[in-house]
Ligand code: NI
Ligand code: MN
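Residue numbers (the working numbering): 239 to 464.
Put into structure tokens, the structure is as follows:
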């Protein structure tokens, strides 16, 4: 699995010959110098409706032959705009041509920029023969994370929000890594705006003190994770 970081919570994961894009927020992100027309994908996975996760959905959808995977309310919102999608809800999973996707709980909120209700926010666990990973979306630490290793294959890596203020901060994310039984963590949802700036060295130290590795990718970095 190859992971490319497009900033904030936006990642492209390439697996089984497919390109899976999470939470596109690229053009409004002052830290991301990425041309939207360079972003190619087969699927757009949306953890929740907030603008800092969905701003570029329509532009990227229009540039690609792709479909959206998210909760029922979010896929309905885009369905009303003639955009294809597969609806999930909490605890549900479905299998696609790149693997199995399970939508898992997040403690957060979820509304579109125009005020439309975006359903309950979630995260995704995705697995296939190449491996298994988790994208937490925006969430507090939740005891429900302990269910992930009980219900899913062993995680090879996890993308966890670490920026605090709107989501887990470092100390919660370290506990999340323990709850999900995963040693290789990629941070997200930090440094994009003032509220969520983090101390990189302190963050890495907090993870390594518990035997975990924290990767803080630069925007545009592509990493082979298997
Ligand atoms: Ni959010
Ligand atoms: Mn967010």
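Glycine residues also receive a C-beta, built at the ideal position from the N, C-alpha and C atoms.
Boundaries (first-last residue) of the alpha helix (DSSP H) holding residue 409: As a working mapping, residue 409 is identified with position 171 in the chain shown. Its alpha helix (DSSP H) spans residues 408-417.
Test item: CB-CB of residue 280 and residue 248 under 7 angstroms: Stepping through the chain shown from its first residue, residue 280 is reached at position 42. Stepping through the chain shown from its first residue, residue 248 is reached at position 10. No. Outside cutoff.
Coarse secondary structure for residue 290, derived from DSSP in three states: As a position in the chain shown, residue 290 is number 52, starting the count at 1. For residue 290, the three-state secondary structure derived from DSSP is helix.
Cβ pair count under 8 angstroms reaching 3, the segment 390-397 against the segment 319-328: no
Buried/exposed call for residue 373, threshold 16 Cβ in 10 Å: The residue labelled residue 373 in the question sits at position 135 within the chain shown. Buried.
Residue 328 versus 296, 347, 359, 282, residue with shortest Cα-Cα distance: Against the chain shown, residue 328 aligns to sequence position 90. Residue 359 is the option with its Cα nearest to residue 328.
Where residue 388 falls, given that 16 or more other Cβ within 10 Å makes a residue buried: Counted from its first residue, the chain shown places residue 388 at position 150. Exposed, because fewer than 16 other Cβ atoms sit within 10 Å of the Cβ of residue 388.
Stretch pair the segment 284-294 + the segment 338-356: three plus CB contacts closer than 8 angstroms: Counting C-beta pairs closer than 8 angstroms gives three or more between the segment 284-294 and the segment 338-356, which meets the contact rule.
Exposure label - residue 239; buried when at least 16 CB within 10 Å: The residue you call residue 239 lines up with position 1 of the chain shown. Classification of residue 239: buried, given that the 10 Å Cβ count is 16 or more.
Validate contact between the segment 396-407 and the segment 421-440 using beta carbons, cut 8 angstroms, 3 pairs: Touching, yes.
Cβ separation of residue 242 and residue 460, assumed to be a contact under 8 angstroms, to the nearest whole Å: Here residue 242 refers to the residue found at position 4 of the chain shown. Here residue 460 refers to the residue found at position 222 of the chain shown. The Cβ separation is near 4 angstroms, so the contact holds.
Residue 376 beta carbon near the ligand NI (any heavy atom closer than 6 angstroms): As a position in the chain shown, residue 376 is number 138, starting the count at 1. Yes, the beta carbon of residue 376 sits closer than 6 angstroms to at least one heavy atom of the ligand NI.
Proximal residues to residue 453 (C-beta, below 6 angstroms), its chain only, five neighbours per side dropped: For the purposes of this step, residue 453 is taken as the residue at position 215 of the chain shown. Hits under 6 angstroms: 424.
Spatial distance of residue 352 from residue 316 (CA atoms): To locate residue 352, count along the chain shown from 1; it is residue 114. To locate residue 316, count along the chain shown from 1; it is residue 78. Looking at the two C-alpha atoms, the distance is approximately 13 angstroms.
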